[in-house]
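Scroll down for the structure; my scribbles are underneath it.
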Amino acid sequence: MSNLVWQNLVTTALIGTGRQALQLDLPDNQLGEVLSCLDTSDPERALLGAAGAIYLHEKAGKLPAFLRSPPTIRPPDRREILTHKVLASTSIPLHQTLSQLRHFHFYWSAELTHAVLNELLNYLKSSNPDYSSLAKVMPNFARFMEPSVVVEAFSGLPPLLKGSSQWVKAVNQFISILEFRYEMIQALRTNENRRRASGEAARSWGFPP
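Sequential numbering of the sequence shown, starting at 6, is according to the numbering used here.
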């Protein structure tokens with residue numbers, strides 16, 4: 006942008022177009038071509054148009070900040086990496102793995118939730134699952150699993166009500182937590198749908214949402 010063009014705009018704006026005519030020293034570029042098309046018969050309109058053209062020209066010539074610097078890749082949680090490694094090890098029983106997870110208070114990704122859920126279901130189908138040990142970790146599993154997997158887990162676990170009374174109690178507690186989270190997710194979705202519908206209705210009538 007020519008500094009002289011901008012200085013003339015600022016000076017004219019301060020003094021007023023009624024006292025000083027707008028003078029544009031057109032630069033020899035695309036900006037000059039745009040400024041030459043302004044209707045100078047209306048000084049106020051020409052002043053605003055020139056300011057807008059210069060602003061857009063400057064903005065178009067600058068690289069956005071998110072392109073100037075490389076994107077920051079968030080490393081995966083170390084606890085999640087450790088959990089995947091432990092799940093892949095056949096030398097450690099699953100109930101011991103989940104017992105260790107009780108001390109890892111972090112929200113699991115969908116990938117980790119699926120992995121643990123699949124291992125849990127396979128373990129329960131084995132010949133002699135340790136219901137007592139699993140019962141201690143089930144509530145934590147329900148609290149920290151990825152919400153997008155809640156519906157899937159909620160629909161897949163109720164048939165597993167078997168085993169000792171302690172296990173049945175733990176599964177019931179697990180399902181109760183899942184039900185609560187499921188209801189919360191549904192409520193949030195309903196509120197969001199209502200908000201969107203309200204906004205669309207307002208716009209259809211010409212009102213701001």
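Ideal Cβ placement from N, Cα and C applies to all residues, glycine included.
Checklist entry - CB-CB under 8 Å to residue 151, same chain, minus the five flanking residues each way: which ones, in chain order? => result Here the set comprises 112, 113, 114, 115, 117, 118.
Item to check | C-alpha gap between residue 76 and residue 86, whole angstroms | outcome: Note that residue 76 scores a pLDDT of 44, beneath 50, so its modelled location is shaky; the value from the coordinates is reported in the next line. Near 22 Å, if we compare the C-alpha coordinates of residue 86 and residue 76.
Checklist entry - Taking just the CA atoms, how far does residue 40 sit from residue 57? => result 10 Å
Checklist entry - Residue range of the alpha helix (DSSP H) that residue 129 falls in? => result 115–129
Checklist entry - Should residue 27 and residue 48 be called a contact, given that it needs their Cβ atoms to be closer than 7 Å? => result Closer than 7 Å, so yes.
Next on the checklist: Output needed for residue 46: all residues of its chain with C-beta closer than 8 Å, excluding positions within five of it in sequence on either side, in chain order.
Outcome noted: none
Checklist entry - With 16 other CB atoms within 10 Å as the buried threshold, where does residue 192 fall? => result Exposed: under 16 other Cβ atoms inside 10 Å.
Next on the checklist: Pop quiz: residue 43 and residue 22 are said to be a contact at Cβ under 8 Å. What is the actual Cβ separation, rounded to whole angstroms?
Outcome noted: Residue 22 and residue 43 do not touch by the CB rule: their CB atoms are close to 13 Å apart, not below 8 Å.
Checklist entry - Does DSSP put residue 151 in a helix, a strand or coil? => result The answer is coil: DSSP assigns residue 151 none of H, G, I, E or B.
Checklist entry - How many Å lie between residue 135 and residue 196 at the Cα? => result Residue 135 and residue 196 have their alpha carbons spaced roughly 42 Å apart.
Checklist entry - With 16 other CB atoms within 10 Å as the buried threshold, where does residue 88 fall? => result buried
Checklist entry - Thinking C-alpha only, which one of 201, 141, 194 is nearest residue 174? => result 141
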